[in-house]
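Residue numbers (the numbering used here), protein chains in the order written: chain C, 357 to 758; chain R, -8 to 325. No residue lacks a Cβ here, since even glycine has one placed at the ideal position from N, Cα and C. Note that this is a predicted model, so its numbers are computed, not measured.
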């Protein structure tokens, strides 16, 4: 074919368009957005208000580190009142307002995560972490975009039961709130206990708040349980149960899961009601914030918090709930960075693939060592014990990975 | 058999506290013909007032140390020799908490009485002479107002309060089964029974009680006989609010202070319907029955059933006797 000036220009234009196309598709947004619903009012307002400043802190730290491949990140938080429908409305509003810049979302409950799950398809899907450790969510086949920032409740029961077995325990009681949260690991726990040769001598369901403590304590006393695992409570019932049992002189060793392991609650109970939480144990996925020596990431948070939250309770201590949120955000940022730095668009599918690919990741101290995302969760934790004298939870086991 | 006795005792103890809550609903109904749907939330306020005066106020920086914990030298010496959580230790703990318990109860009773008075003066009295239905609807609206106000004043966290009596453990052996009882629960039962008995006696034998019964029969006739009906209304509301304060404090010591205390009112409303809205005796029997059934369901079937089984029994009773076990049958003449 004869090359004329006209065909040369046409060919050149076509080549430029072809070469330029991927550049246009991969156009960097001016910023990435991560949205969040938090219970700033309602029954878990205390937790929500402690968690909210974590977003300010995370935004500053991540942007100081150069954002995501040079693009800054912005967090948008809204109040849900701990009502899943409100959180869903917040999510839909964030999708409509932020569009493709919204790359991930943080939910405030298992209820919301289950409610939003069917919506997470096509352009409505986003990578999604939350406060929930519900076992049902840790399933990439059904919930590819949702992840847990630690072990599921079933994993936490596995860790506690293994710990009981290692300590020579022979029987256990399961005391749980009659909620989805409370019942989550019970059937699995019974199977696991049987495998380990531990007898479950009591399965006691209680109200999530305002439970009839004397009745539950008498049932526990009659069961003769050496250990009792408490599940499905946040600020109430579990301390009253332990208080009642101690006043009765029961020698039962009480254990809790993540939401019953906050130092601020244990300290407050000790101040209001006496030292009966002494010796209380439970499973925690993360180091406590005061255990910073081998946690460079915590040291960074502490430095920033001292400056940003001077004069507030967050200046010196970050609650377990705040740490969980920080960890969930770090996981989202890790998936985002891996995706963008790998030259891929931060689409939900690419982010989900990056999430599944997190292997031997050094979190900077959240966990005991490098961790991997298996089945969209990090099945790691260890057992801690509370001392009323020091007001600290200290480890009583090595890190377990289940 | 031993376990049956254990759970029967647990149920009867819970039942007496239900009876103390129910007495407020019956008192208001007897005097005013208003079913107070918000009674549970008035109790919740009583519990939070008790928390305020027994925990928050004594813990304030300006409060004297003895109010938070009264520990004279002899008590410190006695405590030093005792093992942790011993029965004597429980008595000494209660003694050192006594100043704040007294302040808490006094504060709760006074503040709840004022709350009852406020509700009656501002919401109920303007509607005297209007349809009772409007007054009942006001109590429904009051639920949201009280629930929201509570959120403005206190947090939603579950809190601890001191027991109103020494919580010493009591252990017995019956039919080769260990029976466990809490000392504070026995005192709670005694307080509830005393208050219940005093109110019934007051309504039956005092001048004020006769006025309440006369007003309940017919307001216009009571007016014409020189009875101050508005004062009777006030008394009934104050009586309900003050017994509610004690009931709230007792519930708070058993179950902790939390917004869920407001929901007890609905459970107790079912008990009141079972016993008969205007019958103290009927309500007392119904309260003990529901407490017993709850404990049996908890023992045999677990927590989920404990919330259902007793209320199925309530429904059955109401289906058979719509005016309750001992309620006065309303005859409407057209």
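Within chain R, the residues whose beta carbon sits less than 7 Å from that of residue 604 of chain C are 160 and 171, listed in sequence order. Contact annotation for residue 399 of chain C against chain R: 147 and 250 [CB-CB distance below 8 Å, chain order]. Residue contact check for residue 393 of chain C against chain R: no CB pair falls below 8 Å. Taking each of C:577, C:560, C:539 and C:514 in turn and checking the Cα distance to residue 550 of chain C, the smallest one comes out for C:514. Here residue 518 of chain C has 552, 756 and 758 as same chain residues with Cβ atoms under 8 Å from its own Cβ, once five neighbours each way along the sequence are excluded.
Within the same chain, 532, 533, 535, 537 and 538 come within 6 Å of residue 588 of chain C by CB-CB distance, once the 5 residues on both sides are set aside. Annotation: residue 746 of chain C has no Cβ neighbours in chain R at a cutoff of 8 Å; minimum Cβ distance is about 17 Å. Near chain R, meaning a CB-to-CB distance below 9 Å, the residues of the stretch 549 to 582 of chain C are 559, 560, 561, 562, 563, 564, 565, 566, 567, 568, 569, 570, 571, 572, 573, 574, 575, 577 and 578. One alpha carbon belongs to residue 264 of chain R, the other to residue 124 of chain R, and they sit about 17 Å apart. CA-CA distance, residue 311 of chain R to residue 28 of chain R, rounds to 23 Å. Under the criterion of beta carbons closer than 8 Å, residue 611 of chain C and residue 583 of chain C qualify as touching, at roughly 6 Å. From the listed residues C:598, C:479 and C:508, the smallest Cα separation to residue 613 of chain C is found for C:508. Straight across, the Cα-Cα distance linking residue 458 of chain C with residue 707 of chain C is about 12 Å. Annotation for residue 451 of chain C: 458 and 480 place their beta carbon closer than 7 Å to its own, counting only its chain and skipping 5 residues before and after. Around the beta carbon of residue 162 of chain R, a 10 Å sphere encloses fewer than 16 other beta carbons of the protein chains shown; the residue is thus reported as exposed. Bounds of the beta strand (DSSP E) holding residue 736 of chain C are 736 to 743.
Nearest CB-CB separation between residue 719 of chain C and chain R: not below the 8 Å threshold. The beta carbon of residue 559 of chain C sits closer than 7 Å to the beta carbons of 530 and 542 from its chain, once the five residues preceding and following it are set aside; these are given in chain order. For the stretch 504 to 535 of chain C, the residues whose beta carbon sits under 7 Å from a beta carbon of chain R are, in order, 534. Spatial neighbours of residue 58 of chain R in its own chain (CB-CB distance under 8 Å, excluding positions within 5 residues in sequence) are listed in chain order as 48, 49, 90, 91 and 94. When C:431, C:545, C:469 and C:428 are compared, the shortest CA-CA separation from residue 445 of chain C is found for C:469.
The CB of residue 432 of chain C never comes closer than 8 Å to any CB in chain R; the least such distance is about 25 Å. Near chain C, meaning a CB-to-CB distance below 8 Å, the residues of the stretch 241 to 274 of chain R are 242, 245, 246, 247, 249, 250, 251, 252, 254 and 255. Secondary structure of residue 53 of chain R (DSSP, three-state): coil. Taking the Cα positions, residue 465 of chain C is about 19 Å away from residue 642 of chain C.
If one requires a minimum length of 3 residues, the beta strand (DSSP E) runs lying completely within the stretch 633 to 685 of chain C are 637 to 640, in chain order. For residue 252 of chain R, same chain residues with a beta-carbon under 8 Å away, outside a window of 5 residues either side, are 31, 34, 35, 38, 239, 242, 243 and 246 in chain order. Non-local beta-carbon contacts of residue 179 of chain R in its own chain, meaning distances under 8 Å to residues more than five positions away in sequence, involve 4, 7, 8, 155, 156, 241, 244 and 245 in chain order.
Straight across, the Cα-Cα distance linking residue 196 of chain R with residue 60 of chain R is about 42 Å.
Distance from residue 597 of chain C to residue 625 of chain C at the Cβ level is roughly 11 Å; contact not present, criterion being Cβ atoms closer than 8 Å. Residue 556 of chain C and residue 525 of chain C have their C-alpha atoms spaced approximately 11 Å apart. Under the DSSP assignment, residue 164 of chain R falls in the beta strand (DSSP E) whose first and last residues are 160 to 165.
Within chain C, no residue has its beta carbon less than 8 Å from that of residue 103 of chain R; the closest one is some 19 Å off. Annotation: Cβ neighbours of residue 596 of chain C in chain R (cutoff 9 Å, chain order): 149, 151, 245, 246 and 247. What residue 625 of chain C touches in chain R, judged by beta-carbon distance under 7 Å, is 151, going in chain order. DSSP lists R:161 as the beta-bridge partner residues of residue 172 of chain R.
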